[in-house]
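Just so we're on the same page, my numbering is the position in the sequence shown counted from 1, plus 78.
Below is one structure, written out as structure tokens; comments come after it.
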Amino acid sequence: GEPGSGRTTEAQRAAGPGACVLDATDSVWQGEQTWAKGMAALLESTGDPVIIENVQLLSEQVTALAAKCVRAARRRTVLTSTPGEHLDAVHAPLAALCNARCDLLPLRRRRHEIPRLAQSMLVDELGAGRARLTADSLRVLAAQSWPGNLAELRRVVQFVAGRRSAGDIVPADLPASHRGVPAPTSPLRQAEREVIVAAIEAAGGNRLQAARALGVSRSTLYNRMRALRIH
């Protein structure tokens with residue numbers, strides 16, 4: 079799933095309580111060799127299931143080692159990743175080991191769930207019966223593009239909970255960045271946006287690499303990102 083779409087929550091649900099978590103993001107500051115040694119040692123031991131987060135960040139060399147370790151692992155292993163062609167290329171050796179796959183839809187494709195999710199998050203923040211999002215507020219929230227998915231929605235709910243802890247939460251209580259109703263997006267424009275987002279994710283956030291994959295210059299990619307409100 080995309081960043082913020084609930085990958086960690088789903089992975090923890092799949093792995094069960096007590097799972098050990100490894101995050102490939104840590105390889106950036108630990109160094110790949112140190113991170114890979116820790117991963118290998120953990121998977122060689124017995125114990126609770128292991129979750130390896132953000133495998134899209136692993137290099138081809140570490141991916142090959144991870145696949146070897148997972149194949150021989152004495153623990154159940156759950157992997158998380160962004161979507162993209164990398165799962166059929168660089169990270170295919172790992173993806174091929176999965177007996178089951180769960181694709182998480184981005185929030186913009188789950189608009190009908192936004193009112194329920196937002197109200198539930200508000201209860202988590204304030205408790206039941208203290209405040210509620212009005213129908214107008216929920217309508218505005220449902221119309222947003224939500225590039226940050228569930229994590230972004232939670233941040234917005236936390237903002238309004240801090241601003242109004244009781245009573246009706248109206249559109250004026252929402253952050254300025256999420257207060258307006260965006261202009262309708264044409265299917266072609268939306269398709270272009272999704273292609274660019276997928277390319278950036280497949281490149282691990284490297285925009286130069288994404289531009290090359292799309293066959294455009296980096297400046298062209300930045301121009302389209304600004305036009306399509308991709309942050």
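Note that CB positions come from ideal geometry on N, CA and C, so glycine has one too.
Collapsed DSSP secondary structure at residue i in the structure displayed
i           : result
residue 55  : Shown here, the chain extends from 79 to 309; a query on residue 55 therefore has no answer.
residue 128 : strand
residue 192 : helix
residue 180 : coil
residue 100 : strand
residue 156 : strand
residue 252 : coil
residue 198 : helix
residue 284 : coil
residue 185 : helix
residue 312 : In this structure the chain extends from 79 to 309, so residue 312 is not present and cannot be described.
residue 105 : helix
Per DSSP, cross-strand counterpart(s) of residue i
i           : result
residue 209 : 245
Per-residue burial, residue i [other beta carbons within 10 Å of its own, 16 or more giving buried]
i           : result
residue 265 : exposed
residue 194 : exposed
residue 85  : buried
residue 70  : This structure leaves residue 70 out entirely; the chain is present only between 79 and 309.
residue 122 : exposed
Are three or more beta carbon pairs between the segment 128 to 135 and the segment 102 to 113 nearer than 8 Å? A contact exists between the segment 128 to 135 and the segment 102 to 113.
Are at least three pairs of beta-carbons, each pair with one atom in the segment 105 to 120 and one in the segment 178 to 189, less than 8 Å apart? No, because fewer than three Cβ pairs between the segment 105 to 120 and the segment 178 to 189 fall closer than 8 Å, the two stretches do not touch.
Can at least three beta-carbon pairs, one atom from the segment 270 to 279 and one from the segment 118 to 129, be found at a separation below 8 Å? The segment 118 to 129 and the segment 270 to 279 do not touch, with fewer than three beta-carbon pairs separated by less than 8 Å.
Please determine if the segment 243 to 252 and the segment 204 to 214 are in contact, where contact requires at least 3 C-beta pairs separated by less than 8 Å. Three or more beta-carbon pairs separated by less than 8 Å link the segment 243 to 252 to the segment 204 to 214, which places the two stretches in contact.
Should the segment 235 to 243 be regarded as contacting the segment 198 to 209, the criterion being three or more beta carbon pairs within less than 8 Å? Verdict: yes, contact present.
I want to know whether the segment 142 to 152 touches the segment 225 to 239 - three or more CB-CB distances under 8 Å. With the rule of 3 Cβ pairs closer than 8 Å, the segment 142 to 152 does not count as touching the segment 225 to 239.
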